[in-house]
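Asks: Taking the working numbering, the leading residue of the sequence shown gets 315, the next gets one more, and so forth.
Note that CB positions come from ideal geometry on N, CA and C, so glycine has one too.
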Amino acid sequence: MAKYKIYIDETRTLRHTVILETEEDIDKTLDQAQIGDCVHLYDVISALEDEGCNVNEVAEDDNGDSEFDVDEYEEIDESEGNVDGKKS
């Protein structure tokens, strides 16, 4: 019987809701906020506020949807103490 170490990548999709007010064009504001460079939800909120938005409400999604993918594994050779990397 072969023994393997597998690597499981989990991608979570969270859908947060932010209610805001702005006097600027919303598309321009979203582009200038560079939301794609943010790491956390509150980085996004801060970026929007930096662009002059008044953030009125934030509804944070704690559940989200997960997607799992296993595309890499290593066979463990116990007789030699070696681990051979393999890609499926």
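For the candidate residues Met315, Asp383, Gln348, Glu371, whose alpha-carbon lies nearest to that of Asp364?
Replies: From the listed residues Met315, Asp383, Gln348, Glu371, the smallest Cα separation to Asp364 is found for Gln348.
Asks: Leaving out five residues before and five after Asp323 in sequence, what residues of the same chain have Cβ atoms less than 6 Å from its Cβ?
Replies: Asp383, listed in sequence order.
Asks: Can you say whether Val353 is buried or exposed, counting buried as having 16 or more other CB atoms within 10 angstroms of its CB?
Replies: exposed
Asks: Does the Cβ of Ile359 have 16 or more other Cβ atoms within 10 Å, making it buried, or fewer, making it exposed?
Replies: buried
Asks: From the DSSP output, read off the bridge partner residues of Val372.
Replies: Val332
Asks: Mind checking which residues open and close the alpha helix (DSSP H) that includes Val358?
Replies: 355-364
Asks: For Asp339 and His330, I'd like the C-alpha separation in whole angstroms.
Replies: 21 Å
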